[in-house]
Each structure stands twice: as structure tokens, then as C-alpha cells.
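J.: One structure follows; several queries about it will come next.
Protein chains in written order, with our numbering: chain A, 3 to 202; chain B, 3 to 202.
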């Protein structure tokens, strides 16, 4: 019995996983393009080519869908960031700073920002996004410390890295309405130098 | 004739200016508390204790009201910031960095952020907010350069100050959902040190 059931079950799980993934990706794209007010489970289901019922089976509430979506894409991006520097701590700190700042200039950041801002006014969303934000923030900090080869036992090193990530977020915000790539590159070049001196 | 008209006109102008000011302040408070979706001319007029007709006399469209409001409060804050350091370039750069970062943690930043994020998805709002943002950004940069006593002819000095303001914006974002004051103070202390060394 076991054999047949396993054979039957695997493709079904695969299909379910693929559906879930399509929903998550559609949710982030929808949030980035239309903001929180324009992002409902129905809109996302249609965009993903999934029935509304199937979408609600995976994500019972709107909050479930969108927080899971931002978390999923954030994890994907963390994995991609580590993969850029497979040797671990990079010799070229400017390349690491550039890659970290890039995390905050794409559709994921745009989506996360919409969720973040909506959460500041919606009590139902707020605790979920606060938790998500803390989790993603810790993970990004850990990657930054690793790739920059920062020694957090040195006084100030932890705050230097934190300030860099705050700067990256601010640069993401500055890129929201206009293409800020030229200015951003010059700021990154200068602060990568200062950071390099500070971290030794 | 001249005399009487002037006497009559002045209090009327004063009343009009006071009404305008009440509307602008109510608009920022409304935006900070309810976001763009919850901010209409009617809601603001009621909050300010002004008739809807009077509000529309001052600000024909919703876009007019809210961009004018953010600009007005930003100018007020710039003036207050300069007043904190009446002697000009401050000896204590950490105090300047703290004051600059404080610009991004109050209701004004919250209001501006809502307007900013809404503008990224609304074509009608986008050019207005882009222009406002550029104007306010230039003014803040000018104040920062003055108060930090930065010499922008030195290579990298301009980008050092810009990166600091990007960090301040990122710190504002980090403060949106939770009280981030403790962490922020440590980041500011460390980055003020790096900035001080960089600017010489």
C-alpha cells in the first residue's frame, strides 16, 4: 500500500507547492504595483491563475497571504545574496555593500514598504509585520556581518553594520519615485570606503 | 479710502492665513494617523474646524492640500533645526547628527512617508511629490552641510553627508512600527564618530 500512496502523493504535494509559490510571487508583484489598498486575495488569485478557493485554502486571510509572500521573497533574496559570495567573507567590501544596497531597490523592497506603511495604520496587520520585519532584519544583519567579515566583539562594529543597513533602507526609499542609481552609486562608493576603514 | 481698506483687509488676511495654517497642520496629522487612503479634504476640514467650502477655496484639490501640508511642516522643521544651532556650524557634530535624525522620526516623516508611498502608485500624485521631495531634500542637505561644517570641495564630503541623510531616513523607517530609540541612539553615536573622522 505504502508504495502506491507515496507515488500518488508526491505529485500532488508538488502541485500544491507550485500553487503556493505562484500565489506568493503574485502577491509580492501585486503589492509592489498596486499597494496594500489594491491588494486583495482575489486580485492575487487571478494574477496567479488560481481559483479564489484554492488561494484561501493556502492562505485563510489577506494578512496571511501578504506577510507570507514578503517573507518568502525575502528568504529567496537572502539565499541569492549568500550565493553571490560563495567563499564567505568577501575581500571586496564595496561589492558586498553594493549587493546589500541592491536588496532595497527592487520590487521586494517596494512590496515590503507598502506592507510596512499599511501596518502602521492597521491594527490587524501591525503585529504580523512587526514580527516579520524583526525576523528579516536579524537575518539580513547576520548575512551582512558574515560577508563584510565584521568582528562584532570590536566596540562599534555592530552599530557600523546596522547603520549601513539603515542607510541601505534610506537609499531604497530615495529610489521609490525616481531612478536614483547615479547618486546611489557615489554614496555607496564613499561609505564603502568609510566602512572599510571603520571595520579594519 | 486707502486707510480704511487696509485696516479692514489686514484682519481678514490674518484670518485667512490662520485658516490655511490650521488646514495644513490638520492635513499632516490626518496623513500620519490614517494614511493616504483615509485622508480626504472633508476629513481634514472637519478636523480643522473649517467648512468644506473654505477648505476647497484654499486648496482646490486633494493633491494641493497634502503636498502643501508636507511642504509647510517641512519648512517649519527646517527653521526649527537651524534655530537649535544659532551659531551656525556646531562644534558638537553628534548633536547635529542627532537633530538631523530626529527630523525623520516624528509625525512629519510619517505623513511624508504615506504621501511618498501613495505617490509611487498614483500617477496624479507622483510628479507633485517628486518635486516636493527634491525641494525638501535639497534644503535638508544644505542645512546638514552648514551645521556639520562640511567642506563640499573636499572629494567625498558631499557623499558622506548624503549617506548620513539616507541613514537618517532608514532610521525613520525602522521607527515606524516599534519604538527604535535605544538602537537608534547607539547607531547615531557610532556613525557620528565615523562622520566626524571623515569630515576632518
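We put the CB at the ideal spot given by N, CA and C, even for glycine.
Within 8 angstroms, do at least three Cβ pairs link the stretch 131-148 of chain B to the stretch 76-85 of chain B?
T.: Taking a cut-off of 8 angstroms on C-beta distances, the stretch 76-85 of chain B touches the stretch 131-148 of chain B, as three or more cross pairs fall below it.
J.: Less than 8 angstroms between CB atoms is the rule here; does residue 51 of chain A satisfy it with respect to chain B?
T.: Here residue 51 of chain A is taken as the residue at index 49 of the first chain, counted from 1. Chain B contact via Cβ: absent.
J.: Please report how far the alpha carbon of residue 50 of chain A lies from the alpha carbon of residue 125 of chain B, in whole angstroms.
T.: The sequence position of residue 50 of chain A within the first chain is 48, counting from 1. The sequence position of residue 125 of chain B within the second chain is 123, counting from 1. Roughly 25 angstroms separates the two Cα atoms.
J.: Is residue 189 of chain A close to chain B, meaning its C-beta is less than 8 angstroms from at least one C-beta of that chain?
T.: For the purposes of this step, residue 189 of chain A is taken as the residue at position 187 of the first chain. Under the Cβ distance rule, residue 189 of chain A counts among the residues neighbouring chain B, one pair being separated by less than 8 angstroms.
J.: Where does residue 69 of chain A land, buried or exposed, given buried means 16+ other C-beta within 10 angstroms?
T.: Taking the first chain and counting its residues from 1, one reaches residue 69 of chain A at position 67. Buried is the call here.
J.: Starting from the N-terminal side, write out each stretch of the alpha helix (DSSP H) that is 4 residues or longer and does not extend beyond the stretch 22-55 of chain B.
T.: 43-50
J.: Is it right to say residue 196 of chain A is buried, meaning 16 or more other beta carbons lie within 10 angstroms of its own, or is it exposed?
T.: For the purposes of this step, residue 196 of chain A is taken as the residue at position 194 of the first chain. When all chains shown are included, residue 196 of chain A counts as buried.
J.: In chain order, which continuous runs of the alpha helix (DSSP H) of length 4 or greater are located wholly inside the stretch 127-193 of chain B?
T.: 128-150 and 159-176
J.: Using a Cβ cut-off of 8 angstroms (strictly closer), state whether residue 184 of chain B contacts chain A.
T.: By 1-based counting over the second chain, the position of residue 184 of chain B is 182. It does not: the Cβ of residue 184 of chain B has no partner Cβ on chain A nearer than 8 angstroms.
J.: Mark residue 116 of chain B as exposed unless 16 or more other C-beta atoms lie within 10 angstroms of its C-beta, in which case mark it buried.
T.: Taking the second chain and counting its residues from 1, the one referred to as residue 116 of chain B is at position 114. When all chains shown are included, residue 116 of chain B counts as buried.
J.: Comparing the C-beta of residue 200 of chain B with each C-beta of chain A, is any distance below 8 angstroms?
T.: Here the question's residue 200 of chain B lines up with position 198 in the second chain. Judged by the 8 angstroms Cβ criterion, residue 200 of chain B is in contact with chain A.
J.: Got a sec: is the Cβ-Cβ distance from residue 80 of chain A to anything in chain B below 8 angstroms?
T.: Start at 1 with the first residue of the first chain, and residue 80 of chain A comes out as number 78. Judged by the 8 angstroms Cβ criterion, residue 80 of chain A is not in contact with chain B.
J.: How big is the Cα-Cα spacing for residue 186 of chain A and residue 100 of chain A?
T.: To locate residue 186 of chain A, count along the first chain from 1; it is residue 184. To locate residue 100 of chain A, count along the first chain from 1; it is residue 98. CA-to-CA, the gap between residue 186 of chain A and residue 100 of chain A works out to about 9 angstroms.
J.: Between residue 138 of chain A and chain B, is the shortest Cβ-Cβ distance under 8 angstroms, so that the two count as touching?
T.: For the purposes of this step, residue 138 of chain A is taken as the residue at position 136 of the first chain. No, residue 138 of chain A lies away from the interface with chain B (no Cβ there is under 8 angstroms from its Cβ).
J.: What is the DSSP secondary structure of residue 16 of chain B, counted as helix, strand or coil?
T.: In the second chain, the residue the question calls residue 16 of chain B occupies position 14. It is helical.
J.: How far does the alpha helix (DSSP H) with residue 106 of chain A in it extend, from its first residue to its last?
T.: Sequence index remark: in the first chain, residue 106 of chain A carries index 104 (1-based). Careful: residue 106 of chain A lies outside any alpha helix (DSSP H) and carries neither H nor E.
J.: With 16 other CB atoms within 10 Å as the buried threshold, where does residue 93 of chain B fall?
T.: Position 91 of the second chain, counted from the first residue, corresponds to residue 93 of chain B. The residue is exposed, with fewer than 16 neighbouring Cβ atoms inside 10 Å.
J.: Comparing C-alpha positions only, which one of A:194, A:181, A:32 and A:112 sits nearest to residue 102 of chain A?
T.: Reading the first chain from its first residue, position 100 is the one you call residue 102 of chain A. Closest option to residue 102 of chain A, Cα to Cα, is A:194.
J.: Expressed to the nearest angstrom, what Euclidean distance is found between the alpha-carbon atoms of residue 122 of chain B and residue 165 of chain A?
T.: For the purposes of this step, residue 122 of chain B is identified with residue 120 of the second chain, where counting begins at 1. For the purposes of this step, residue 165 of chain A is identified with residue 163 of the first chain, where counting begins at 1. Going by the C-alpha atoms only, they are around 26 angstroms apart.
J.: Would you say residue 162 of chain A lies against chain B (beta-carbon separation less than 8 angstroms)?
T.: What you label residue 162 of chain A is simply residue 160 of the first chain in a count that begins at 1. Yes - at least one Cβ of chain B is within 8 angstroms of the one on residue 162 of chain A.
J.: Judging by CA-CA distance, which residue of A:43, A:76 and A:71 is the nearest neighbour of residue 2 of chain A?
T.: The displayed coordinates of chain A run from 3 to 202. Any statement about residue 2 of chain A would go beyond what the structure contains.
J.: Classify residue 76 of chain B as helix, strand or coil using the three-state DSSP reduction.
T.: Stepping through the second chain from its first residue, residue 76 of chain B is reached at position 74. Three-state DSSP puts residue 76 of chain B in a helix.
J.: Since residue 200 of chain B and residue 162 of chain B should fall inside the 8 angstroms C-beta cutoff, what is the C-beta to C-beta distance between them, to a whole number of angstroms?
T.: The sequence position of residue 200 of chain B within the second chain is 198, counting from 1. The sequence position of residue 162 of chain B within the second chain is 160, counting from 1. 5 angstroms between Cβ atoms; contact.
J.: What would DSSP say about residue 122 of chain A, mapped onto helix, strand or coil?
T.: Translated into positions along the first chain, residue 122 of chain A becomes position 120. Three-state DSSP puts residue 122 of chain A in a helix.
J.: Assuming residue 79 of chain A and residue 33 of chain A make a contact with CB atoms under 8 angstroms, what is their CB distance in whole Å?
T.: Residue mapping note: residue 79 of chain A aligns to position 77 of the first chain, counting from 1. Residue mapping note: residue 33 of chain A aligns to position 31 of the first chain, counting from 1. Their Cβ separation, rounded to whole angstroms, is 15 angstroms, which puts residue 79 of chain A and residue 33 of chain A out of contact at 8 angstroms.
J.: I'd like the list of long-range same chain contacts for residue 45 of chain A, defined as Cβ closer than 8 angstroms, with 5 residues on each side in sequence excluded.
T.: Taking the first residue of the first chain as position 1, residue 45 of chain A is located at position 43. Cβ neighbours of residue 45 of chain A beyond the five flanking positions: 32 and 36.
J.: Taking Cβ positions only, does residue 132 of chain B come closer than 8 angstroms to chain A?
T.: For the purposes of this step, residue 132 of chain B is identified with residue 130 of the second chain, where counting begins at 1. Under the Cβ criterion of 8 angstroms, residue 132 of chain B is counted among the residues facing chain A.
J.: Identify, in the order they occur along the chain, each residue of the same chain with its Cβ nearer than 6 angstroms to the Cβ of residue 87 of chain B, setting aside the five sequence neighbours on each side.
T.: Counting from 1 along the second chain, the entry for residue 87 of chain B is found at position 85. Answer for residue 87 of chain B: 149, listed in chain order.
J.: Give me the chain A residues within the contact set of residue 41 of chain B, using Cβ-Cβ distance strictly less than 8 angstroms, ordered along the chain.
T.: Against the second chain, residue 41 of chain B aligns to sequence position 39. Around residue 41 of chain B, no beta-carbon contact reaches into chain A at under 8 angstroms, the shortest distance being about 10 angstroms.
J.: Which residues of chain A have a Cβ atom closer than 7 angstroms to the Cβ of residue 36 of chain B, listed in chain order?
T.: Position 34 of the second chain, counted from the start, is the residue given in the question as residue 36 of chain B. For residue 36 of chain B, the residues of chain A that pass the 7 angstroms Cβ criterion are 123, in the order they occur in the chain.
J.: Could you check whether the Cβ of residue 135 of chain A sits closer than 8 angstroms to any Cβ belonging to chain B?
T.: By one-based count along the first chain, residue 135 of chain A stands at place 133. Output row for residue 135 of chain A: interface = yes.
J.: Check residue 92 of chain A in the structure and name its three-state DSSP category.
T.: One-based indexing of the first chain puts residue 92 of chain A at position 90. Correct three-state label for residue 92 of chain A: coil.
J.: Looking at chain A, is there any beta carbon in it that lies within less than 8 angstroms of the beta carbon of residue 192 of chain B?
T.: The residue you call residue 192 of chain B lines up with position 190 of the second chain. It does; some Cβ of chain A falls within 8 angstroms.
J.: Going by the beta-carbon positions, is the gap between residue 175 of chain A and residue 171 of chain B smaller than 8 angstroms?
T.: On the first chain, residue 175 of chain A is found 173 positions in, with the first residue counted as 1. On the second chain, residue 171 of chain B is found 169 positions in, with the first residue counted as 1. In contact: residue 175 of chain A and residue 171 of chain B (Cβ atoms closer than 8 angstroms).
J.: If you reduce the DSSP assignment to three classes, tell me which class residue 87 of chain B lands in.
T.: The count along the second chain starts at 1 and reaches residue 87 of chain B at position 85. Residue 87 of chain B: coil per DSSP, three-state reduction.
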